[in-house]
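Accompanying notes for the structure given below.
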Amino acid sequence: MFNLLPGDGYIIDSDNDSLTITDGPADIPEIGFSIEPDMVAEGDRATILFELSAPAPAGGLEVNWMELDPDGAGDGQLVLEESTNIADVRGLVEDGQPVGVVVTVAEGATEAELVLEFDQDGVPEGAETSMFNLLPGDSYIIDSDNDSLTITDGPADIPEIGFSIEPEMVAEGDRATILLELSAPAPAGGLEVSWTEVSDDRAGDARFVVEDSTNIVDARGLVEDGVPVGAVVTIAEGATQAALVLAIDQDGVPEGAETSMFNLLPGDGYIIDSDNDSLTITDGSMPITSLSETQGLLNLNEDLNPNFDNLNFDRSMVFRPAEPMTI
3 MFNLLPGDGY IIDSDNDSLT ITDGPADIPE IGFSIEPDMV AEGDRATILF ELSAPAPAGG
63 LEVNWMELDP DGAGDGQLVL EESTNIADVR GLVEDGQPVG VVVTVAEGAT EAELVLEFDQ
123 DGVPEGAETS MFNLLPGDSY IIDSDNDSLT ITDGPADIPE IGFSIEPEMV AEGDRATILL
183 ELSAPAPAGG LEVSWTEVSD DRAGDARFVV EDSTNIVDAR GLVEDGVPVG AVVTIAEGAT
243 QAALVLAIDQ DGVPEGAETS MFNLLPGDGY IIDSDNDSLT ITDGSMPITS LSETQGLLNL
303 NEDLNPNFDN LNFDRSMVFR PAEPMTI
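Next up, the structure:
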């Protein structure tokens, strides 16, 4: 797998920032998995769905996955006898510790379903979330679009939260707004939501402007080992939407685009909306260049200054036909 790295002269397209290449026999199955539903209450069930691009080989296909950032989600139990095309299931253990699962998909199957039951532990608590990633194996190829799943269990009224930013591109000295959406009202006392910064380009030394924000009680930095790594925001009690204003400071240093990406972090009082769990903001000291829909020709000898930084044409401008350019 290859990932694009940030650079001073360009902005990364977050929808097309990585690629994966795999080689192997033509009949080796590509496998991916998902879970339905991905949010459950304790005492309920979910089903892990396996999709294979070719039938499982003779003797079945062993597939491994590992748990990441375990939250002890619901103490899930695998129910083999009610599953489909699952020949066997057992724990994956490293150094005496359970770290994942090994499942055997039945010979000839191209689909399989593994039932997962979440125990009711009787302890009042918030959401518990676990993420699982498929592990490479000798007899299959991992479908990179379906190589992980996330399951969350907790009370039925716990809010699911996602965030976004408008606009995504700003000039230094301007402002942007982080929008937070909740599926249920924030609980009594408000809801603390955390996020961390990844691929930090120190975009514009942004500051939170709480006094100009909406339904934000507090906003502070998230610090680890004395280093700022993200933010903690408190959403007002009862709110289902909040807007946090972000001021991008003008540092006076000529530079190219600076990009930062932020990811929501799991929390006890909420569930993360996996479709809206990250945001990217880009700022730069150079003005944004735009060109209107006015049609015409530019006289390259006279009309353009070699410095294109402030190129911005108004609709009212009329371009005269260009004279032949002599070199």
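In our numbering, the protein residues as written are 3 to 329. From the three backbone atoms N, C-alpha and C, an ideal C-beta is built for every residue, glycine too.
In the displayed model, Ile167 falls within a strand according to three-state DSSP. Sequence-distant Cβ neighbours of Ser146 in its own chain, meaning closer than 6 Å and more than five residues away, are Thr22.
Thr131 sits close to Pro268, with the two beta carbons spaced by under 7 Å. Minimum Cα-Cα distance from Glu174 among the listed residues Asp275, Val212, Leu248 and Ala43 corresponds to Leu248. Between Ala259 and Ile218, the CB-CB gap reaches or exceeds 7 Å. For Asp285, the pairing in a beta bridge is given by DSSP as Val172 and Glu260.
Here the C-alpha atom of Glu162 lies approximately 4 Å from the C-alpha atom of Ile273. DSSP places Thr106 in the uninterrupted beta strand (DSSP E) bounded by Gln99 to Val107. Excluding sequence positions up to five before and after Glu119, its CB lies within less than 6 Å of the CB of Arg47, Gln79 and Val81, all in the same chain and listed in chain order.
In the DSSP annotation of this structure, the continuous segment of the beta strand (DSSP E) that includes Glu113 starts and ends at Glu113 to Phe120. Nearest to Glu168 by C-alpha distance, out of Gly191, Ala108, Ile283 and Asp19, is Ile283. The closest CA to that of Tyr12, considering only Asp275, Leu266, Asp270 and Ser262, is found on Ser262. In the structure shown, Ser20 adopts extended strand secondary structure according to DSSP, grouped into three states. Annotation for Thr152: the continuous beta strand (DSSP E) segment containing it runs Ser150 to Asp155. Counting the other CB atoms within 10 Å of its CB gives Glu44 a total of 16 or more, which places it among the buried residues. Per the C-alpha coordinates, the member of Leu63, Gly34 and Thr112 positioned closest to Val104 is Leu63.
Look at Gln243 here: in three-state DSSP terms it is strand.
A distance below 6 Å between beta-carbons, with the five flanking residues on each side excluded, links Leu54 to the following residues of its chain, in chain order: Pro31, Ile33 and Thr112. The beta carbons of Pro57 and Gly110 sit closer together than 7 Å. Between the alpha carbons of Asn135 and Pro230 lies a distance of about 28 Å.
The Cβ atoms of Ser85 and Val117 sit closer than 7 Å to each other. Within the same chain, and ignoring the five residues on either side of Trp197 in sequence, the residues whose Cβ sits closer than 7 Å to its Cβ are Gly232, Ala233, Phe264, Asn265, Leu266 and Leu267. Within the model, the alpha-carbon separation for Gly228 versus Asp220 is close to 20 Å. Ala188 is classed as buried because its beta carbon has at least 16 other beta carbons within 10 Å across all chains shown. With contacts defined by Cβ atoms closer than 7 Å, Ala208 and Ile250 form a contacting pair. Between the alpha carbons of Gln99 and Asp176 lies a distance of about 50 Å. Per DSSP, reduced to three states, the secondary structure at Gln252 is coil, with no helix or strand assignment.
A check of alpha carbon separations from Met68 across Asn148, Leu94 and Val200 identifies Leu94 as the nearest. Apart from the 5 residues on each side of it in sequence, Asn5 sits with its Cβ closer than 8 Å to the Cβ of Asp19 and Ser20 in its chain, given in chain order.
Contact check for Val195 and Ile237: beta-carbon distance about 6 Å, within the 8 Å limit, so the pair qualifies.
Membership of Asp90 in the beta strand (DSSP E) is indicated by the continuous run Ile88 to Glu96.
DSSP places Asn135 inside the beta strand (DSSP E), whose first and last residues are Glu130 to Leu136.
When only Cα atoms are considered, Gly61 and Thr106 end up about 9 Å apart. Counting only residues of its own chain and dropping the five nearest sequence neighbours on each side, Asp159 has a CB closer than 8 Å to the CB of Ala186.
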